[in-house]
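For the sequence shown, the working numbering assigns the number -8 to the initial residue and increments by one for each residue that follows. I have placed the structure first, in the form of structure tokens, so that the comments after it can refer back to it.
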Amino acid sequence: MLGLMQEHPLVISSLIDFVEREHPEQEIVTRTGERSEDRHRITYAELADRARRLAAALHRLDIGLGDRVATLAWNTHRHLEIFYGVSGVGAVCHTINPRLFAEQVAFMINEAEDKLLLVDLDLLPVVEAVAPALNHLPPIVVLAPQDQLPASLPVASANLLSYETLLAESAPSFAWPALDERTAAVLCYTSGTTGKPKGVLYSHRAILLHTYAACMKDALGFGAADTVMPVVPMFHVMAWGIPYAAAAVGCKLVLPGRYLDAPSLCDLIIEEGVNFAAGVSTIWLNLVHHLEATGTRLPSMERILCGGSPVARTTVQEFAEHADVKVVHAWGMTELSPIAGVNSPKRGTARYPSPAYFELQKKQGRALFGIDIKTVDEAGRMLPRDGTTSGFIKTRGHWVIEEYFRHAGEGTVDADRWFDTGDVGTIDEHGYLLITDRTKDMIKSGGEWISSIELENLAVSHPAIAEAAVIAVKHPRWVERPLLLCVKQPSAEASREDILAFYDGKVAKWWIPDDVLFVDSLPYTATGKLFKSELRKQYADYEITGR
Ligand code: ADP
């Protein structure tokens, strides 16, 4: 017997309709210019109006169901309108990270066969750089008023349109088409940290279910009374779903544009009263150093969601001490829409701001309802949740990938639809996951695994060390051994021996890196992760002496 309840498709247009109806007056603030006070304000009612005008304009430009529309844009109200306008008409919003290499951007535009490019004014040089490698240069809509458009682009035959003119010429009466909830809504490429970028094609349904989960208290857990700042870019897995979750709850949104330096973020947080923010570890590391150096406090800020790469215990502790801000560790992937787990408390687990809380935050978190997670051994056998047995992390669920875009039938998931994340770690008896490495970054010394992440975490807990990366280098006897590369804190002193002695008693003797090299900087990927494959290349011929 079937239930007798209504069934409505889970589509993105329902979010914008909802927020327009229930929270029309709520604000979206965007930092727009060089000066801290350069801010643009819009309400959700106006945002919805502009998203519909964009939809009408897309129709005029012959963009319809399934067509890919690429964006090269920062976190702004216009990008938000595009998220709703493009997906709302049944087209696919293809967000591109402008910090990637030109060849990668060109590869993505070519593979996606984008029919239109929506580009922030200051990112037009990216289009110019990639244009020669494109199979076909689509029309370009510049996200600016007509009078700010350049007279011409050096790119041959570039057809430049003004976004504001397109909207002004459109009627706001556009009605969202009825879509199947399985329709593709967004396309996002993996950052290619460990190989060629691959497209992940999200459906409206997956995004909506992810939105419901993101709004749970143990996930992002913000509501209509909150002021939320996604620092994580909208081109980085849809800013972790915050643009959708914000509409689902009707919170105030604060969008930092391209101004992600610590002083700019501080100004926005303080002046707009931000109490929840989300972003990658490097952003928060810079911010907390700025707070320490300037003695700035963030009175409104309550929680910062931090993910994308491991969060050091020191970061969590420093935020608590300098700003009374609770840092919450989260874990996800492009292939997981992206949030899979958040480190929220259970009854009986450590509470903020105890030392035990800081320690627990080293773990990436517990699975959200909607995501199954397990660790397996090399033969695929499920491993115990004991917090010590390490294995390959697999997931499946409502917002987990089934197949990569244009890679159908390549076995992205196994017969039971488990997706291998490429991460290695443990799950404890309470369900908290600890990632110890990515498969490709692992160090196998004499047949035993060493966790590079744990060694890095320890290194940055040394007062003289600001950043650390541990990579495997070749060793004649042990096959691989860990090499520690680190950047010192400004004007701090420490020797190789100091750092090695610091590991004594904290890890097994054979885990201690064989060597320490002090470097001026470490390479990071376009999404802010340590670029370890690059480091491995650089140190491929490094010779370990001793041992
Ligand atoms: P890419 O896979 O191209 O680096 P993603 O942004 O999808 O791009 O990165 C997903 C990966 O990032 C995960 O598989 C994991 O290795 C890493 N990651 C994400 N969040 C965390 C975290 N909190 N701690 C450790 N690693 C993380």
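Note that CB positions come from ideal geometry on N, CA and C, so glycine has one too.
| query | Is it true that the CB of Thr427 sits closer than 8 Å to the CB of Ser570? | reply | Because the chain spans -8 through 538 in this model, residue 570 falls outside it and cannot be assessed.
| task | Determine the extent of the beta strand (DSSP E) in which Glu439 is found, giving its start and end residues. | result | Position 448 of the sequence shown holds residue 439. That run of the beta strand (DSSP E) goes Glu439 to Ile441.
| task | Quick one: measure Cβ to Cβ for His320 and Gln355, integer angstroms, because I've assumed they're closer than 8 Å. | result | As a position in the sequence shown, residue 320 is number 329, starting the count at 1. As a position in the sequence shown, residue 355 is number 364, starting the count at 1. His320 to Gln355, Cβ: 6 Å. Contact.
| field | heavy atom of the ligand ADP below 7 Å from Trp390 C-beta | value | As a first step, residue 390 is located in the sequence shown; it is residue number 399 there, counting from the start. No, the ligand ADP has no heavy atom inside 7 Å of this Cβ.
| request: Rounded to whole angstroms, what's the CA-CA distance from Pro168 to Ala61? Just pull it up for me. | output: Reading the sequence shown from its first residue, position 177 is the one you call residue 168. Reading the sequence shown from its first residue, position 70 is the one you call residue 61. Straight-line Cα distance between these residues: approximately 21 Å.
| Looking at C-alpha atoms only, which residue of Gly323, Leu(-5), Val80 and Pro129 is the closest neighbour of Leu425? | Residue 425 sits at position 434 when you count from the first residue of the sequence shown. That would be Gly323, whose Cα lies nearest to the Cα of Leu425.
| Do Leu446 and Tyr533 have their C-beta atoms closer together than 8 Å? | Along the sequence shown, read from residue 1 onward, the residue named residue 446 stands at position 455. Along the sequence shown, read from residue 1 onward, the residue named residue 533 stands at position 542. The answer is no: Cβ separation not under 8 Å.
| request: Report buried or exposed for Arg397, applying the criterion of at least 16 other Cβ atoms within 10 angstroms of its Cβ. | output: As a position in the sequence shown, residue 397 is number 406, starting the count at 1. Under this definition Arg397 is an exposed residue.
| message | Please return the same chain residues whose Cβ sits closer than 7 Å to the Cβ of Leu513, not counting the five positions on each side in sequence. | response | Reading the sequence shown from its first residue, position 522 is the one you call residue 513. Glu458, Ala460, Leu476, Val478 and Leu521.
| query | Quick one: is the Cβ of Met229 within less than 7 Å of any heavy atom of the ligand ADP? | reply | Counting from 1 along the sequence shown, the entry for residue 229 is found at position 238. Met229 Cβ: outside cutoff for every heavy atom of the ligand ADP.
| said: With H, G and I counted as helix, E and B as strand and the rest as coil, what does DSSP make of Lys528? | reply: The residue given as residue 528 occupies position 537 in the sequence shown. Of the three classes helix, strand and coil, the one that applies to Lys528 here is helix, per DSSP.
| query | Beta-carbon separation of His227 and Thr34 under 8 Å? | reply | Numbered from its first residue, the sequence shown carries residue 227 at position 236. Numbered from its first residue, the sequence shown carries residue 34 at position 43. Going by C-beta atoms, His227 is not nearer than 8 Å to Thr34.
| Under the DSSP definition of a beta bridge, which residues are partnered with Tyr193? | Counted from its first residue, the sequence shown places residue 193 at position 202. Paired residues: Val177.
| field | Boundaries (first-last residue) of the alpha helix (DSSP H) holding Thr285 | value | The residue you call residue 285 lines up with position 294 of the sequence shown. Unbroken alpha helix (DSSP H) run through Thr285: Ser272 to Thr285.
| For Val316, does the count of other Cβ atoms within 10 angstroms reach 16, so buried, or fall short, so exposed? | Position 325 of the sequence shown, counted from the first residue, corresponds to residue 316. Buried is the call here.
| the ligand ADP heavy atoms versus the CB of His398: any closer than 7 Å? | What you label residue 398 is simply residue 407 of the sequence shown in a count that begins at 1. Not under cutoff, so the answer is no.
| If Thr386 and Thr417 are in contact, beta carbons under 8 Å, what's the gap, nearest whole angstrom? | On the sequence shown, position 395 is the one that residue 386 refers to. On the sequence shown, position 426 is the one that residue 417 refers to. Contact flag wrong, Cβ pair sits at about 15 Å.
| Where does the unbroken alpha helix (DSSP H) through His227 begin, and where does it stop? | On the sequence shown, position 236 is the one that residue 227 refers to. It is not in any alpha helix (DSSP H) - His227 carries neither H nor E in the DSSP assignment.
| DSSP state of Ala358, grouped into three classes? | Numbered from 1 along the sequence shown, position 367 holds the residue referred to as residue 358. DSSP places Ala358 in strand when its eight states are reduced to three.
| Is there contact here, the stretch 125 to 138 with the stretch 150 to 159, by at least three beta-carbon pairs under 8 Å? | yes
| query | DSSP puts Met588 in a beta bridge; with which residues? | reply | Coverage of the chain is limited to positions -8 through 538, which leaves residue 588 absent and any answer about it impossible.
| field | Candidates Met229, Thr287 and Asp495, of which the one nearest Ala253 by Cα | value | Against the sequence shown, residue 253 aligns to sequence position 262. With distances taken between Cα atoms, Ala253 lies closest to Thr287.
| Starting from Pro221 and walking both ways along the beta strand (DSSP E), at which residues does that stretch end? | One-based indexing of the sequence shown puts residue 221 at position 230. Segment Thr218 to Pro221, the beta strand (DSSP E) holding Pro221.
| message | For the ligand ADP, I want to know if His320 counts as a neighbour, meaning its beta carbon is within less than 7 Å of at least one of the ligand's heavy atoms. | response | As a working note, residue 320 is residue 329 in the sequence shown. The answer is yes for His320.
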